[in-house]
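A.B. asks: Take this structure first; my questions come after.
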Amino acid sequence: MNEPWCEEVQDFYTSDLKKRTLKEVNAWPQAGESRSTSGVSCPCPHVCVCFSLLCLTGTLLGHPQCLDYGPPFQPPLPLEFCSAYENFGCCDQERDNSIAAKYWDIMGYMDPQGHKRCGTYIKDILCQECSPYAAHLYDAENPRTPLRSLPGLCFDYCSELHLNCYSAIRLLTSDKHIQECCETNRTQFCHLLQLQDEDYCFPQVLQNLALSRSLGSALQERRGCVQLCLAEVANGLRNPVLMAHASDQTHRAFVAEQLGLVWVYLPDGSRLQEPFLDIQRIVLATPWLGDERGFLGMAFHPKHKDNGKFYIYYSYMDKNRVEKIRISELKVLASDANKADPRSERNLLELEEPAANHNGGQLLFGVDGYLYVFTGDGGKAGDPFGKFGNAQNKSILLGKVLRIDVDGRSPDGKPYRIPPDNPFVSDPKARPEVYAYGVRNMWRCAVDRGDPVTTKGRGRIFCGDVGQNRFEEIDLIVKGGNYGWRAKEGFECYDTKLCHNSSLDDILPIFAYGRSVGKSVTGGFVYRGCESPNLNGLYIFGDFMNGRLMALQEDEKTNTWKKQDICIGSTTACAFPGMIRSYSKFIISFAEDEAGELYFMSTSYPSAYAPHGSLYKLIDPARRAPPGKCKYKPVPVKTKSKRIPFVPRAKTVLEMLNEPSTTKPPKKSTLTAATPRASSKKAKKIPSTKIKASTAKIAPPGKRRQRVKAEAKPHKGKKAEHNSRTAPAPPLPKKKSSHLARTKEVLPKKAALAKGKLEKRRKK
Numbered sequence: 001m002n003e004p005w006c007e008e009v010q011d012f013y014t015s016d017l018k019k020r021t022l023k024e025v026n027a028w029p030q031a032g033e034s035r036s037t038s039g040v041s042c043p044c045p046h047v048c049v050c051f052s053l054l055c056l057t058g059t060l061l062g063h064p065q066c067l068d069y070g071p072p073f074q075p076p077l078p079l080e081f082c083s084a085y086e087n088f089g090c091c092d093q094e095r096d097n098s099i100a101a102k103y104w105d106i107m108g109y110m111d112p113q114g115h116k117r118c119g120t121y122i123k124d125i126l127c128q129e130c131s132p133y134a135a136h137l138y139d140a141e142n143p144r145t146p147l148r149s150l151p152g153l154c155f156d157y158c159s160e161l162h163l164n165c166y167s168a169i170r171l172l173t174s175d176k177h178i179q180e181c182c183e184t185n186r187t188q189f190c191h192l193l194q195l196q197d198e199d200y201c202f203p204q205v206l207q208n209l210a211l212s213r214s215l216g217s218a219l220q221e222r223r224g225c226v227q228l229c230l231a232e233v234a235n236g237l238r239n240p241v242l243m244a245h246a247s248d249q250t251h252r253a254f255v256a257e258q259l260g261l262v263w264v265y266l267p268d269g270s271r272l273q274e275p276f277l278d279i280q281r282i283v284l285a286t287p288w289l290g291d292e293r294g295f296l297g298m299a300f301h302p303k304h305k306d307n308g309k310f311y312i313y314y315s316y317m318d319k320n321r322v323e324k325i326r327i328s329e330l331k332v333l334a335s336d337a338n339k340a341d342p343r344s345e346r347n348l349l350e351l352e353e354p355a356a357n358h359n360g361g362q363l364l365f366g367v368d369g370y371l372y373v374f375t376g377d378g379g380k381a382g383d384p385f386g387k388f389g390n391a392q393n394k395s396i397l398l399g400k401v402l403r404i405d406v407d408g409r410s411p412d413g414k415p416y417r418i419p420p421d422n423p424f425v426s427d428p429k430a431r432p433e434v435y436a437y438g439v440r441n442m443w444r445c446a447v448d449r450g451d452p453v454t455t456k457g458r459g460r461i462f463c464g465d466v467g468q469n470r471f472e473e474i475d476l477i478v479k480g481g482n483y484g485w486r487a488k489e490g491f492e493c494y495d496t497k498l499c500h501n502s503s504l505d506d507i508l509p510i511f512a513y514g515r516s517v518g519k520s521v522t523g524g525f526v527y528r529g530c531e532s533p534n535l536n537g538l539y540i541f542g543d544f545m546n547g548r549l550m551a552l553q554e555d556e557k558t559n560t561w562k563k564q565d566i567c568i569g570s571t572t573a574c575a576f577p578g579m580i581r582s583y584s585k586f587i588i589s590f591a592e593d594e595a596g597e598l599y600f601m602s603t604s605y606p607s608a609y610a611p612h613g614s615l616y617k618l619i620d621p622a623r624r625a626p627p628g629k630c631k632y633k634p635v636p637v638k639t640k641s642k643r644i645p646f647v648p649r650a651k652t653v654l655e656m657l658n659e660p661s662t663t664k665p666p667k668k669s670t671l672t673a674a675t676p677r678a679s680s681k682k683a684k685k686i687p688s689t690k691i692k693a694s695t696a697k698i699a700p701p702g703k704r705r706q707r708v709k710a711e712a713k714p715h716k717g718k719k720a721e722h723n724s725r726t727a728p729a730p731p732l733p734k735k736k737s738s739h740l741a742r743t744k745e746v747l748p749k750k751a752a753l754a755k756g757k758l759e760k761r762r763k764k
């Protein structure tokens with residue numbers, strides 16, 4: 001619980017980033033293809049073989065990578081020819097067959113004695129395309145460098161090859177320079193094929209235990225920190241609170257900003273100019289740092305493809321100036337699947353909020369088809385409402401997990417039905433909607449899709465419940481479960497008197513952490529995607545306040561969960577096209593796309609009006625799925641709105657490595673935990689023409705933000721508070737300052753939420 005935490009802030013933002021265009025590789029690059037850098041052709045790929053790559057920083061040596069620039073993988077079927085790489089490498093069966101055909105074509109030019117003398121050498125050389133270090137052997141780690149026609153060979157092995165099979169060189173390569181200068185000159189030939197670091201030349205690379213010991217496993221730093229890399233997917237967002245998909249095979253992503261806007265992102269990465277939903281006029285949100293109110297939740301009906309229904313959860317103020325939570329049903333327009341019909345809103349449930357914080361906000365559909373609603377305890381500090389607090393009072397819907405059937409109406413006129421097996425339907429002192437209780441402020445819950453092969457774990461619901469003063473927790477939701485608040489916080493007592501009188505069957509967290517680790521949990525997902533098989537079964541989550549990424553691994557034998565820190569991978573680990581290794585600090589939410597790949601949303605400045613939020617995809621750089629396994633064909637969807645292409649702002653690792661040598665190379669960081677990017681000294685203004693979302697007013701990351709915002713605030717808001725949504729965004733600080741100092745600069749002096757520093761607020 002008291003692991004070291006890297007506090008270094010790495011900021012790789014630059015003011016003038018250009019989009020890096022990398023061609024998607026649909027066919028395997030052939031060894032021997034000549035590539036050029038900056039449009040200058042290279043007459044001999046082996047003489048001018050980009051020593052620049054080796055001189056950049058020296059960090060790419062030994063980087064497991066294939067010739068298509070991706071990580072190695074486990075072949076889905078055994079390799080019959082290059083069998084040395086049948087467990088892990090860069091060839092699938094199709095590529096293996098192609099190499100075998102090339103081998104037999106070469107051998108057709110040889111007599112029986114040549115077969116005997118050269119067969120093994122030729123097979124070994126051809127099969128290096130299947131090596132997990134193929135990119136290194138062929139100088140293909142950087143797409144801008146020329147590709148060798150022959151792999152890097154150790155000098156002694158190369159000398160033996162030349163001595164026994166020099167006449168076969170013309171059959172192995174079509175490179176005129178090698179054929180003319182090296183067929184009779186063994187020394188020159190082997191010097192051309194020599195690598196700078198002979199630990200990685202063939203066949204020495206196969207004998208290097210340090211390189212082969214952990215091949216294919218998730219990369220781990222010495223302290224057990226799992227190294228992952230990122231891809232920037234979207235930016236310019238104002239407190240992105242969620243990303244959802246419609247399960248309709250279109251593979252669209254719906255990204256919501258806290259102020260009440262939802263944007264559609266298409267599979268090609270572009271965003272539609274017109275929002276899917278715009279209810280800014282209704283949603284109660286402010287520009288104050290850490291304000292938890294706003295647009296907080298959204299879920300698509302399991303049969304959305306047929307009925308067009310989806311559900312939203314947001315804060316609003318009624319005509320009597322009373323702040324409430326509203327859960328509503330809406331439909332998409334019949335004429336445009338990318339636009340919601342605002343006139344279709346059907347209110348399902350409204351709850352009065354006694355304070356401005358602890359608003360809950362999660363909506364999700366379980367595998368049972370019912371809608372689960374996660375509410376906060378009503379706010380303030382310590383759940384001070386009533387004798388036992390709202391969370392322990394089953395006759396109140398605050399501080400609960402609710403379960404309702406949205407496909408019908410109750411006999412008593414409610415716009416939903418109560419599932420007949422809800423745990424408290426027969427309890428006259430309890431609301432029948434209650435599925436579980438005793439929760440404080442669950443911020444981000446997710447349903448486990450289950451193991452893709454065995455379906456084990458399918459249907460489990462994981463939640464992060466934000467703590468009061470001491471512990472953050474991860475819970476598994478159990479029907480009828482009491483999660484202890486306010487009697488307990490984490491594994492320990494909070495209200496001593498209530499704790500000693502509480503039942504012995506309270507549901508304990510599967511994991512809890514204290515203030516030395518983080519201060520505000522953001523619940524995540526169990527990874528069940530296809531592209532990063534090493535991550536299968538890992539529950540990945542984070543902490544809003546310090547930007548720490550973490551994972552839980554289940555031990556099925558002991559029925560316990562073990563925590564692992566997640567590090568953003570080193571420059572070496574993330575040296576793949578499109579990958580980055582920095583992110584904005586405040587982790588607001590996690591998400592998965594329709595294919596099951598995992599993402600998270602964060603911002604460098606947690607105000608609803610600041611367009612500094614980004615969406616990142618998590619990627620395992622150590623192992624990927626076999627080529628073709630994860631391909632899907634999105635169902636086309638008609639778009640009437642203009643498409644805005646994605647323009648990345650973060651520099652990729654390869655872009656940084658290719659910067660002029662006058663720039664300082666990235667420092668080797670101690671990988672003890674993920675390294676978020678703090679806001680720069682001077683936050684750059686985003687022109688409104690870049691992304692339309694930047695012109696709309698959006699709200700802060702609600703929920704857990706109780707740390708950043710005042711735990712208690714007068715409930716009956718003044719008119720000025722509600723109308724503050726139309727006010728301009730607060731100015732960004734000119735000096736690099738702590739978030740505590742920044743809060744004092746930004747928040748209005750008279751605002752109720754602005755009392756005290758962030759830490760003081762958190763403790764209330």
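The numbering of the sequence shown is UniProt numbering, which starts it at 1 and goes up by one. The beta carbon of each residue, even a glycine, is placed where N, CA and C say it ideally should be. These numbers were taken from a predicted model, which means no experiment stands behind them.
Suppose the cutoff is 6 Å on Cβ atoms and the five residues either side in sequence are ignored; what does the same chain contact list for Gln249 look like?
C.D. replies: Val635
A.B. asks: Drop a sphere of 10 angstroms on the beta-carbon of Glu257, count the other beta-carbons inside from all chains shown, and report buried for 16 or more, exposed for fewer.
C.D. replies: buried
A.B. asks: Just to confirm, is the Cβ distance from Tyr435 to Tyr372 under 8 Å?
C.D. replies: Yes.
A.B. asks: Taking the alpha helix (DSSP H) that Arg403 belongs to, which residues open and close that run?
C.D. replies: Going by DSSP, Arg403 is part of no alpha helix (DSSP H) but of the beta strand (DSSP E) stretching over 400-404.
A.B. asks: Have a look at Asn164, Phe462, Leu137 and flag the residue whose alpha-carbon is nearest the alpha-carbon of Cys154.
C.D. replies: Leu137
A.B. asks: Taking only three categories from DSSP, how would you classify Arg649?
C.D. replies: In the structure shown, Arg649 sits in coil (DSSP, three-state: anything other than H, G, I, E or B).
A.B. asks: Should the region 328-344 be called in touch with the region 352-365, which here means at least 3 C-beta pairs below 8 Å?
C.D. replies: With a cut-off of 8 Å, the region 352-365 and the region 328-344 do not count as touching, because too few Cβ pairs lie within range.
A.B. asks: Would you call the CB atoms of Glu473 and Val521 closer than 8 Å?
C.D. replies: yes
A.B. asks: For Phe462, does the count of other Cβ atoms within 10 angstroms reach 16, so buried, or fall short, so exposed?
C.D. replies: Burial call: buried.
A.B. asks: Within a Cβ cutoff of 8 Å, which residues of the same chain sit near His722, ignoring the five residues on either side of it in sequence?
C.D. replies: Annotation note: pLDDT 37 at His722 (below 50); position unreliable, coordinate value reported separately. Counting only Cβ-Cβ distances below 8 Å, and skipping sequence neighbours, we find Leu284, Met317, Arg321.
A.B. asks: Three-state secondary structure (DSSP) at Ala595?
C.D. replies: coil
A.B. asks: Measuring straight from C-alpha to C-alpha, what distance separates Gly628 and Asp448?
C.D. replies: 25 Å
A.B. asks: Return helix, strand or coil for residue 772, following the three-state DSSP convention.
C.D. replies: This structure leaves residue 772 out entirely; the chain is present only between 1 and 764.
A.B. asks: Check Ser120 in the structure and name its three-state DSSP category.
C.D. replies: Going by the sequence as given, residue 120 is Thr instead of Ser. DSSP places Thr120 in helix when its eight states are reduced to three.
A.B. asks: Should the region 399-419 be called in touch with the region 373-380, which here means at least 3 C-beta pairs below 8 Å?
C.D. replies: yes
A.B. asks: Kindly list the residues whose CB is nearer than 7 Å to the CB of Asn307, restricted to its own chain and excluding five residues on each side of it in sequence; keep chain order.
C.D. replies: His301
A.B. asks: Of all the options Val478, Gly290, Arg623, Ser532, which has the alpha carbon lying nearest to the alpha carbon of Asp506?
C.D. replies: Val478
A.B. asks: Tell me the DSSP secondary structure of Gln113 in three-state form.
C.D. replies: In this structure, Gln113 counts as helix in the three-state DSSP scheme.
A.B. asks: Going by beta-carbon coordinates alone, are Asp620 and Ser532 separated by less than 8 Å?
C.D. replies: yes
A.B. asks: Let me confirm a value: His63 is counted as buried when at least 16 other C-beta atoms fall within 10 Å, else exposed. Which label applies?
C.D. replies: With 16 or more other CB atoms across the displayed protein chains lying within 10 angstroms of its CB, His63 is buried.
A.B. asks: Can the beta-carbon of residue 804 be found closer than 8 Å to that of Phe189?
C.D. replies: An answer regarding residue 804 cannot be provided, because it is not within the stretch 1 to 764 covered by the chain.
A.B. asks: With burial defined as no fewer than 16 other Cβ atoms inside 10 Å of the residue's Cβ, what is the status of Glu492: buried or exposed?
C.D. replies: Taking all protein chains shown into account, Glu492 has fewer than 16 neighbouring C-beta atoms within 10 Å of its C-beta and is therefore exposed.
A.B. asks: Rounded to whole angstroms, how far is the Cβ of Arg346 from the Cβ of Pro415, which I believe are closer than 8 Å?
C.D. replies: 6 Å
A.B. asks: Phe541: which of Val466, His612, Arg581, Tyr370 sits nearest, CA to CA?
C.D. replies: Val466
A.B. asks: For Asn534, count neighbouring Cβ atoms within 10 angstroms of its own Cβ and tell me buried if that reaches 16, exposed if not.
C.D. replies: Burial call: buried.
A.B. asks: Could you name the residues of the same chain whose beta carbon sits closer than 6 Å to that of Ser617, not counting the 5 residues immediately before and after it, in chain order?
C.D. replies: Looking at the sequence provided, one finds Lys at residue 617 rather than Ser. Ala231, Val233, Tyr599, listed in sequence order.
A.B. asks: So the alpha helix (DSSP H) Ile178 belongs to, where does it begin and stop?
C.D. replies: 176-182
A.B. asks: So Leu259 and Gln273 are in contact, right, with Cβ under 8 Å, and what is the actual spacing, rounded?
C.D. replies: Not confirmed; about 17 Å, so no contact.
A.B. asks: Look up Leu371 in the DSSP assignment and give the residues it is bridged to.
C.D. replies: Phe365, Ile404
A.B. asks: Counting pairs of beta carbons, one from the region 237-248 and one from the region 587-604, are three or more of them closer than 8 Å?
C.D. replies: yes
A.B. asks: Please report the Cβ distance between Ile580 and Ser270, rounded to the nearest whole angstrom; I am assuming they are in contact, meaning their Cβ atoms lie under 8 Å.
C.D. replies: Going by Cβ atoms, the distance from Ile580 to Ser270 rounds to 19 Å, so no, they are not a contact pair.
A.B. asks: Counting only the same chain and skipping the five closest in sequence on each side, list residues whose C-beta sits under 8 Å from that of Asp156.
C.D. replies: Cβ neighbours of Asp156 beyond the five flanking positions: none.
A.B. asks: Could you pull the DSSP bridge partners for Trp443 from this structure?
C.D. replies: None; Trp443 has no bridge partner.
A.B. asks: Measure from the alpha carbon of Met298 to the alpha carbon of each residue in Ala487, Asp405, Phe310, Glu292, then state which is nearest.
C.D. replies: Phe310
A.B. asks: Buried or exposed for Tyr121, please, with buried defined as at least 16 other CB atoms from any protein chain shown within 10 angstroms of its CB.
C.D. replies: Buried, by the Cβ-count rule.
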